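Student: Chains as they are written, first to last, in my numbering: chain A, 10 to 124; chain B, 67 to 178.
Structure in structure tokens, see below.
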Amino acid sequence: AQSVAQPEDQVNVAEGNPLTVKCTYSVSGNPYLFWYVQYPNRGLQFLLKYITGDNLVKGSYGFEAEFNKSQTSFHLKKPSALVSDSALYFCAVRDRWAGSYQLTFGKGTKLSVIP
Amino acid sequence: DAGVTQSPTHLIKTRGQHVTLRCSPISGHKSVSWYQQVLGQGPQFIFQYYEKEERGRGNFPDRFSARQFPNYSSELNVNALLLGDSALYLCASSLGVIDGYTFGSGTRLTVV
Chain A
10 AQSVAQPEDQ
20 VNVAEGNPLT
30 VKCTYSVSGN
40 PYLFWYVQYP
50 NRGLQFLLKY
60 ITGDNLVKGS
70 YGFEAEFNKS
80 QTSFHLKKPS
90 ALVSDSALYF
100 CAVRDRWAGS
110 YQLTFGKGTK
120 LSVIP
Chain B
67 DAGVTQSPTH
77 LIKTRGQHVT
87 LRCSPISGHK
97 SVSWYQQVLG
107 QGPQFIFQYY
117 EKEERGRGNF
127 PDRFSARQFP
137 NYSSELNVNA
147 LLLGDSALYL
157 CASSLGVIDG
167 YTFGSGTRLT
177 VV
């Protein structure tokens, strides 16, 4: 079984400040990890993924995430937040050795960047 | 290149009716998955198809069914609609095993 926890329903940050959106996961084997962003009444947009290799993954729009195997975490970060980053963020996991491509999503974290 | 396209964008149905949702994957993508997103929740996996074969099924009742066609497009069918089926239904396509999914904009289904 695989699961994802996003412990914060909402994160508020001032424009220009660094932001972090937290994610922890659980899988039987090794994980593939993903971050998606969702704007109101829209589908999900891919931000970045961790497959293997360097634990620091860089993605779209200046976002990055750090894979920490010992803490089973994959937190999303950005050095300087923009008002336009305000959206709903989802972390997702897939077990690398599972036969299905099923992604398991967290419940989402609403990010509000305050001008 | 066109992204993942879903139709219709919005739909209103009455309890007990049947609905068919459609999805066209990105050209070359052979895997299509369906997700249900209830307001305030993360997407929940319904089905995954690869090369026209079902490769995974989530914890949904038998009222939900799907299929994938030779051109890799897909349909999601829901019978005997319930109020609780009201949600955003998302289709996603993927090129291969380690690629991220590309999601469509979804179909907003409202059951009244």
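We put the CB at the ideal spot given by N, CA and C, even for glycine.
Keep in mind that this is a model prediction, so the values were computed, not measured.
To which residues of the same chain is K67(A) closer than 6 Å at the C-beta, ignoring the five residues directly before and after it?
Tutor: E73, listed in sequence order.
Student: How about K119(A) and L28(A): do their beta carbons lie closer than 8 Å?
Tutor: Result no, Cβ atoms of K119(A) and L28(A) do not sit closer than 8 Å.
Student: Considering only residues of the same chain and omitting the five flanking positions on each side of Y48(A), which have a CB-CB separation below 7 Å?
Tutor: A96.
Student: So who's on the other strand from K67(A), going by DSSP bridges?
Tutor: Beta-bridge pairing links K67(A) to E73(A).
Student: Going by the beta-carbon positions, is the gap between C131(A) and S82(A) smaller than 8 Å?
Tutor: Outside the modelled stretch of chain A, which goes from 10 to 124, sits residue 131(A), for which no answer is possible.
Student: Determine the extent of the beta strand (DSSP E) in which K31(A) is found, giving its start and end residues.
Tutor: Neither: K31(A) is in no beta strand (DSSP E) and is coded neither H nor E.
Student: Tell me, please, whether the CB atom of Q19(A) is closer than 8 Å to any CB atom in chain B?
Tutor: No, no contact with chain B.
Student: Looking at the C-beta of T176(B), does it have a partner C-beta in chain A at a distance below 8 Å?
Tutor: For T176(B), the answer is no, since every Cβ of chain A falls outside 8 Å of its Cβ.
Student: Within the continuous beta strand (DSSP E) that includes Q15(A), where are the two ends?
Tutor: Per DSSP, Q15(A) belongs to no beta strand (DSSP E) and is neither H nor E.
Student: Just curious, the beta strand (DSSP E) that N143(B) is in, first and last residue?
Tutor: Counting along the chain, the beta strand (DSSP E) containing N143(B) begins and ends at S140 to V144.
Student: Just to confirm before moving on: does the CB-CB distance between R51(A) and S171(B) stay below 8 Å?
Tutor: Against a cut-off of 8 Å, the Cβ pair of S171(B) and R51(A) comes out as a contact.
Student: Any C-beta of chain A within less than 9 Å: which residues of the segment 107 to 125 of chain B qualify?
Tutor: Here the close residues are Q107, G108, P109, Q110, F111, Q114, Y116, R121, G122, R123 and G124.
Student: Per DSSP, what kind of secondary structure is G62(A) in: helix, strand or coil?
Tutor: Three-state result, G62(A): coil.
Student: Would you say L91(A) and W44(A) are within 8 Å of each other, going by their C-beta atoms?
Tutor: Result no, Cβ atoms of L91(A) and W44(A) do not sit closer than 8 Å.
Student: Taking the beta strand (DSSP E) that W44(A) belongs to, which residues open and close that run?
Tutor: Residues P40 to Q47.
Student: Can you find at least 3 beta carbon pairs, one from the segment 102 to 122 of chain B and one from the segment 148 to 157 of chain B, that sit closer than 8 Å?
Tutor: Yes, they touch.
Student: Evaluate F135(B) with the Cβ neighbour count: other Cβ atoms within 10 Å of its Cβ, from every protein chain shown; 16 or more gives buried, anything less gives exposed.
Tutor: Answer is exposed; the Cβ neighbour count stays below 16.
Student: I believe S12(A) touches Y34(A) by the beta-carbon criterion, under 8 Å. Please report the beta-carbon distance rounded to the nearest angstrom.
Tutor: That belief holds up - the Cβ atoms of S12(A) and Y34(A) are roughly 7 Å apart, short of 8 Å.
Student: Answer with yes or no whether the minimum CB distance from K31(A) to chain B is below 8 Å.
Tutor: False, the Cβ-Cβ gap to chain B never drops below 8 Å.
Student: Would you tell me roughly how many angstroms separate the C-alpha atoms of Y115(B) and V30(A), rounded to the nearest one?
Tutor: Distance between the alpha carbons of Y115(B) and V30(A) is about 31 Å.
Student: Specify, as a first and last residue, the run of the beta strand (DSSP E) that I71(B) falls within.
Tutor: A quick correction: the sequence has Thr, not Ile, at residue 71(B). T71 to S73 is the span of the beta strand (DSSP E), which, as asked, contains T71(B).
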